[in-house]
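Protein sequence lines correspond, in order, to chains F and E.
Taking the working numbering, the leading residue of the first sequence gets 1, the next gets one more, and so forth.
Taking the working numbering, the leading residue of the second sequence gets 1001, the next gets one more, and so forth.
All C-beta atoms, glycine included, are put in the ideal place defined by N, C-alpha and C.
Note that the structure is a prediction, hence the values are computed from the model and not measured.
Read the structure below first, then the notes.
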Amino acid sequence: MSFREKTAWSMGAILILAGIWYFQRVVGLSEALGETAAPNIRFVIGYIVLVVLASIFINILIASASGKEAEAPADERERAILDKAGHWSGYVLAVGAVAGLWHFSWMNDGNLMFHIIFGALMASQIAEYAFQIFLFRRGV
Amino acid sequence: MAKRPPIGNRIRELREQHGNMSQAALAEAIGVTRQTVIAIEQGRYSPSLESAFRISRVFGVGLEDVFSWLEPPGN
């Protein structure tokens, strides 16, 4: 498995776990309030800090185990894969953003719109790494 | 599954003819990763023209001695 594929697997896992952590708190707070919780900056910062620290730690581990490969820039095939995965993940974000706006137009719930769009942002990042893994394994 | 490009190659055969050159050595010689050489050999990736020329120069042969166009049946 290449360095970049290992990175994609680990980043995907980190983002999924951090997303679960974030939405567990949002859902828990919403249930306690009896309505959709307002965006909570502490949860958002907690999510970002969790992702940044975990990704630094994991990437240092992978890079130290990969040697020279970790220092080399992406080659032509890897660049094509990264570009295509980034392009496809943009559609995931777009669908989530439209879903958030559609919900807002029907339910007039700005809090829900925030959570849907933030969730779409998380989903698009996870999808980007999933597409990378798919393309690394199946060809671009 | 991604559609395979209709391009065949003799990279494996040429590596064996050149003292069993490893995929890693070829990858280093042409400036790509070993996984990319594997993908090219298996026909899962068509290299850029530059990389195709680099591969043929490593083996000291022409481009068409390494790569060939695979005509689909019926054409």
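Worksheet item: Does DSSP put residue 55(F) in a helix, in a strand, or in coil?
Response: helix
Worksheet entry | Terminal residues of the alpha helix (DSSP H) in which residue 10(F) lies | 3 to 33
Worksheet item: Measuring CB to CB, does residue 1031(E) end up less than 8 Å from residue 75(F)?
Response: yes
Worksheet item: Since residue 69(F) meets chain E, which of its residues come closer than 8 Å, beta carbon to beta carbon?
Response: 1033
Worksheet item: What did DSSP end up calling residue 40(F) once you bin it into helix, strand or coil?
Response: coil
Item to complete: Can you check DSSP and say which residues form a bridge with residue 102(F)?
Response: The partner list for residue 102(F) (beta bridge, DSSP) is empty, contrary to what the question assumes.
Discussion item. Excluding the 5 residues flanking residue 1058(E) on each side, which residues of the same chain have their C-beta closer than 7 Å to its C-beta?
Written reply: 1026, 1029, 1030
Fill in: Straight-line gap, residue 22(F) to residue 51(F) (C-alpha atoms, nearest Å)
11 Å
Worksheet item: Beta-carbon separation of residue 55(F) and residue 14(F) under 8 Å?
Response: yes
Worksheet item: Is it a yes or a no for the segment 101 to 111 of chain F touching the segment 27 to 44 of chain F, going by three-plus beta-carbon pairs under 8 Å?
Response: yes
Item to complete: Would you mind stating whether residue 78(F) and residue 137(F) have Cβ atoms separated by less than 8 Å?
Response: no
Discussion item. Any beta carbon of chain E sitting closer than 8 Å to that of residue 55(F)?
Written reply: no
Worksheet item: For the segment 1048 to 1059 of chain E, which residues have a beta carbon sitting closer than 7 Å to at least one beta carbon of chain F?
Response: 1048, 1051
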